[in-house]
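Enquirer: Under UniProt numbering, the first residue of the sequence shown carries the number 56, and numbering increases by one thereafter.
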Amino acid sequence: KGAQGARVFTLGIKAGRTRFKAGATTRTWGVNGTYLGPTIRVRRGEQVEFAVRNGLDEDTSLHWHGMHLPAAMDGGPHQVVGPGETWRPRWTVDQPAATLWYHPHLHGATADHMYRGLSGLFIVDDKDSEASTLPSEYGVDDIPMIVQDRAFDGDNQFEKRVPLGGSVGVIGKEVLVNGALGPYVDVTTELVRLRLLNGSNARLYNLGFSDDRRFSLIATDGGLLAEPWTTERLYLSPGERAEILVAFKPGERVELRSYPSEYGGTLGRIDGFDDRLDICQFRAAAALSDVAALPASLGAAPDLAGETVARERSFVLASDQINGRSMAMDRIDFGVREGTVEVWDVVNDNGFLHNFHVHDVQFQVLTVDGGKPDPHLRGWKDTVLLAQGKHYRLAMRFRGHTDPNTPYMYHCHLLQHEDDGMMGQFVVL
Ligand code: C2O
Ligand code: CU
Ligand code: CU
56 KGAQGARVFT LGIKAGRTRF KAGATTRTWG VNGTYLGPTI RVRRGEQVEF
106 AVRNGLDEDT SLHWHGMHLP AAMDGGPHQV VGPGETWRPR WTVDQPAATL
156 WYHPHLHGAT ADHMYRGLSG LFIVDDKDSE ASTLPSEYGV DDIPMIVQDR
206 AFDGDNQFEK RVPLGGSVGV IGKEVLVNGA LGPYVDVTTE LVRLRLLNGS
256 NARLYNLGFS DDRRFSLIAT DGGLLAEPWT TERLYLSPGE RAEILVAFKP
306 GERVELRSYP SEYGGTLGRI DGFDDRLDIC QFRAAAALSD VAALPASLGA
356 APDLAGETVA RERSFVLASD QINGRSMAMD RIDFGVREGT VEVWDVVNDN
406 GFLHNFHVHD VQFQVLTVDG GKPDPHLRGW KDTVLLAQGK HYRLAMRFRG
456 HTDPNTPYMY HCHLLQHEDD GMMGQFVVL
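1. Tyr90 by DSSP, collapsed to three states: which one?
2. Going residue by residue through the UniProt domain "Plastocyanin-like" (373-484), where are the continuous beta strand (DSSP E) segments of at least 3 residues, counting only ones entirely within it?
3. Regarding His118 and ligand 1, is the C-beta to nearest heavy atom distance less than 7 Å?
4. How many angstroms separate the CA atom of Gly394 from the CA atom of Glu140?
5. CB of residue 502 to nearest heavy atom of ligand 1: below 7 Å?
6. Just checking my contact of Trp435 with Pro357 at CB under 8 Å: how many whole Å lie between their CB atoms?
7. Tell me whether Gly88, by its Cβ, gets closer than 7 Å to a heavy atom of ligand 1.
8. Taking 7 Å as the cut-off, is the CB of His414 close to at least one heavy atom of ligand 2?
9. Secondary structure at Trp284, three-state DSSP: helix, strand or coil?
10. Helix, strand or coil: how does DSSP classify Gly323 here?
11. Here's a check: name, in chain order, each residue in its chain whose Cβ is nearer than 6 Å to the Cβ of Thr73, leaving out the five neighbours to either side.
12. Decide yes or no for the touch test of the stretch 232-244 against the stretch 187-199: beta carbon pairs closer than 8 Å, at least 3 of them.
13. Looking at ligand 3, does it come within less than 7 Å of His409, judged from the CB to the closest heavy atom?
14. Assuming Ala339 contacts Phe303 under a Cβ cut-off of 8 Å, what Cβ separation, rounded to an integer in Å, is found between them?
15. If we ignore side chains and look at the alpha-carbon of each, how far apart do Ala77 and Leu332 end up?
16. Whole angstroms is fine: what's the gap from Ala61's alpha carbon to Arg143's?
17. Identify whether Arg269 lies in helix, strand or coil by the three-state DSSP scheme.
18. Return yes when the C-beta of Phe133 is under 7 Å from any heavy atom of ligand 1, and no when it is not.
19. In angstroms with no decimal places, state the Cα-to-Cα distance between Val364 and Val396.
20. Sorry if obvious, but does the Cβ on Leu469 come closer than 7 Å to a heavy atom of ligand 3?
21. Under 8 Å: do the stretch 417-426 and the stretch 435-453 share three or more Cβ pairs, one atom per stretch?
22. Check whether the Cβ atoms of His456 and His412 sit closer than 8 Å, and answer yes or no.
23. Provide the residue(s) that pair with Gly67 in DSSP beta bridges, ordered along the chain.
24. Where do the N-terminal and C-terminal ends of the alpha helix (DSSP H) with Ala166 fall, by residue?
25. DSSP has Gln336 in a bridge; who is on the other side?
Laid out in C-alpha cells, this is it:
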C-alpha cells in the first residue's frame, strides 16, 4: 500500500540475457525479468502507484498505453527516468475493462528500447467484465499474447540493421509470443479468449487460422464491443489490441498465422514485410471442458456520434511528419478544452503504412471516408490503422486532468516513424 491506500506495483527495468534458442542467449532488456514484463491487473476505481526503477545505464521511460490519466503520469517523452532513478506515478483507474499495455517512450529511442524487450500488458477489470460469462481464467482460457517479430543476427543477437534505409525500422521473420519462439498453447476448454497485442515495432499482422476457421472479435483497444463480430481475418497494426474468442474441438491442432496483407499502398513490395508467418500453435486436449459462453451482448457501444463537437482538427501523416511538422519537445501543437468532444480527421497521405494513436483518450471512429466503419472499428480505439488516402474521423472526449504545461502525445505507432518525428503534442486546458 502506498500513499492514501494506493496499490503499489514495483517495476525494475534492467538489461540481461534471454534464451530464445537452444544453446544461445540474446542480450535483452526486461521489466522484473530479462524480457518483457509482468501483466499488471487492476480494477476500475482503484488507486494505483508505481515505483518504476531504471536499472539501465541510460535514460528511458514507461508509458501506460490506452490509459486515461494525468499527463504528468503518462510516462511519455517528458517523464524521463534517468539511470538509477525511481519514478513514482500515481492515478485512479477510471475507464471500462480493457486490455492496455505499457512500454518505453523516450523520444528518439522508443523503437530501440521496445525492440530490446521493454513492454507488458496492463489489464483493467470492471464490474461488468467480472460478471460476464466470457472465458476469464488467466493463462487457461483467457490467454495474453504479445506478438512481436524479431530478426536474429549470426550471433543470435537482435538484428539492428534495418531494411529500406531505416524508413520502417526492423522487420523480422521470426515471431515471438510472450517472448517465446515456436510457441504453442495447450487448449483445455472449448472456448478460448486470446488477448492479442501487436507489440512489434513496425509489422502489420493479418491474423487468421490455418484452417480458415472463423473467430469472434469481442474487444478492441478500449474494451468490449457492443456485440461480437465473426470473421476469418483481422488486421492488427503496431500498438493495437484485439480480444478474440476461438472455439476448439477435442484433439485438433491449428495454427494462428499472419497472412499476406492486401493492405495495399507500397507494402506489397517490401521484402519481408508481407510473408505468411506462423504465430502460435493451438493443441486441443482429447477432452475439453465447457466452462464459458459467448454472451449475446458484450459492452456499451461508443456514444459520441450525437455529441456537440467543440472543435474539428485535421491531421495529415506523410514523410515522418504530421501536418508538415516534425515532433519538437518544446512545441505544444494545440490545446483542447476539458469536458469537450472534438473530431479529428486523420489521413495517411503518402501510401506508406501508418497508424494513429492518441494518448489519454479512447476514441470512436465515426466514419471512414464518409462511410460507416467496419465492425472491428465500432468499439473504443486508441490506435487505428490508416488505409492509404482514407479519411478517418475520430471523436473523443477529454475528461479531467487539465495541465497547461504537460502535453500528451499523438503519433504514428510504427516506432521508427514516431522516433523520426511523426508525433505531436497537445495539452488539456
Ligand atoms: Cu504506445 Cu505514445 O504510445
Ligand atoms: Cu500511448
Ligand atoms: Cu507511420
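No residue lacks a Cβ here, since even glycine has one placed at the ideal position from N, Cα and C.
Expert: Reading off the structure:
1. Your numbering for residue 90 matches position 35 in the sequence shown. Three-state DSSP puts Tyr90 in coil, outside helix and strand.
2. Counting whole runs of 3 or more residues, the UniProt domain "Plastocyanin-like" (373-484) contains the beta strand (DSSP E) stretches 389-391, 396-403, 409-413, 419-423, 438-441, 446-452, 458-466, 478-483.
3. To locate residue 118, count along the sequence shown from 1; it is residue 63. If you check the C-beta of His118 against ligand 1, you find a heavy atom less than 7 Å away.
4. Stepping through the sequence shown from its first residue, residue 394 is reached at position 339. Stepping through the sequence shown from its first residue, residue 140 is reached at position 85. Gly394 and Glu140 have their C-alpha atoms roughly 35 Å apart.
5. No statement about residue 502 is possible, as the shown extent of the chain runs from 56 to 484 and does not include it.
6. Stepping through the sequence shown from its first residue, residue 435 is reached at position 380. Stepping through the sequence shown from its first residue, residue 357 is reached at position 302. Under the criterion of beta carbons closer than 8 Å, Trp435 and Pro357 qualify as touching, at roughly 6 Å.
7. Start at 1 with the first residue of the sequence shown, and residue 88 comes out as number 33. No, Cβ of Gly88 sits at least 7 Å from all heavy atoms of ligand 1.
8. As a working note, residue 414 is residue 359 in the sequence shown. Yes, Cβ of His414 sits closer than 7 Å to a heavy atom of ligand 2.
9. Your numbering for residue 284 matches position 229 in the sequence shown. Looking at Trp284 - three-state DSSP - the assignment turns out to be strand.
10. For the purposes of this step, residue 323 is identified with residue 268 of the sequence shown, where counting begins at 1. The predicted model places Gly323 with a pLDDT of 44, which falls under 50 and marks its position as unreliable, so this point remains unresolved.
11. Residue numbering aside, residue 73 sits at position 18 when the sequence shown is read from its first letter. Around Thr73, the same chain offers Thr81, Thr83, Thr89, Tyr90 as residues with beta carbons nearer than 6 Å, after the five sequence neighbours per side are excluded.
12. Verdict: yes, contact present.
13. Residue mapping note: residue 409 aligns to position 354 of the sequence shown, counting from 1. Checking the Cβ of His409 against ligand 3 gives yes.
14. Start at 1 with the first residue of the sequence shown, and residue 339 comes out as number 284. Start at 1 with the first residue of the sequence shown, and residue 303 comes out as number 248. Right, their Cβ atoms sit about 4 Å apart.
15. If you number the sequence shown from 1, residue 77 lands on position 22. If you number the sequence shown from 1, residue 332 lands on position 277. Rounded to the nearest angstrom, the two C-alpha atoms are 21 Å apart.
16. Start at 1 with the first residue of the sequence shown, and residue 61 comes out as number 6. Start at 1 with the first residue of the sequence shown, and residue 143 comes out as number 88. Going by the C-alpha atoms only, they are around 12 Å apart.
17. Residue mapping note: residue 269 aligns to position 214 of the sequence shown, counting from 1. Coil at Arg269, not helix or strand.
18. Within the sequence shown, numbered from 1, the residue matching residue 133 stands at position 78. Checking the sequence, you will find His at residue 133 rather than Phe. No.
19. Taking the sequence shown and counting its residues from 1, one reaches residue 364 at position 309. Taking the sequence shown and counting its residues from 1, one reaches residue 396 at position 341. Val364 and Val396 have their C-alpha atoms spaced approximately 5 Å apart.
20. What you label residue 469 is simply residue 414 of the sequence shown in a count that begins at 1. Because some heavy atom of ligand 3 lies under 7 Å away, the Cβ of Leu469 counts as near it: yes.
21. Because the criterion of three Cβ pairs below 8 Å is met, the stretch 417-426 and the stretch 435-453 touch.
22. As a position in the sequence shown, residue 456 is number 401, starting the count at 1. As a position in the sequence shown, residue 412 is number 357, starting the count at 1. The Cβ atoms of His456 and His412 lie no closer than 8 Å to each other.
23. Counted from its first residue, the sequence shown places residue 67 at position 12. Answer is Arg108.
24. Counting from one through the sequence shown, the residue named residue 166 turns up at place 111. Annotation: the continuous alpha helix (DSSP H) that includes Ala166 extends over 165-171.
25. Here residue 336 refers to the residue found at position 281 when the sequence shown is read from its first residue. Paired residue(s): Tyr239, Glu310.
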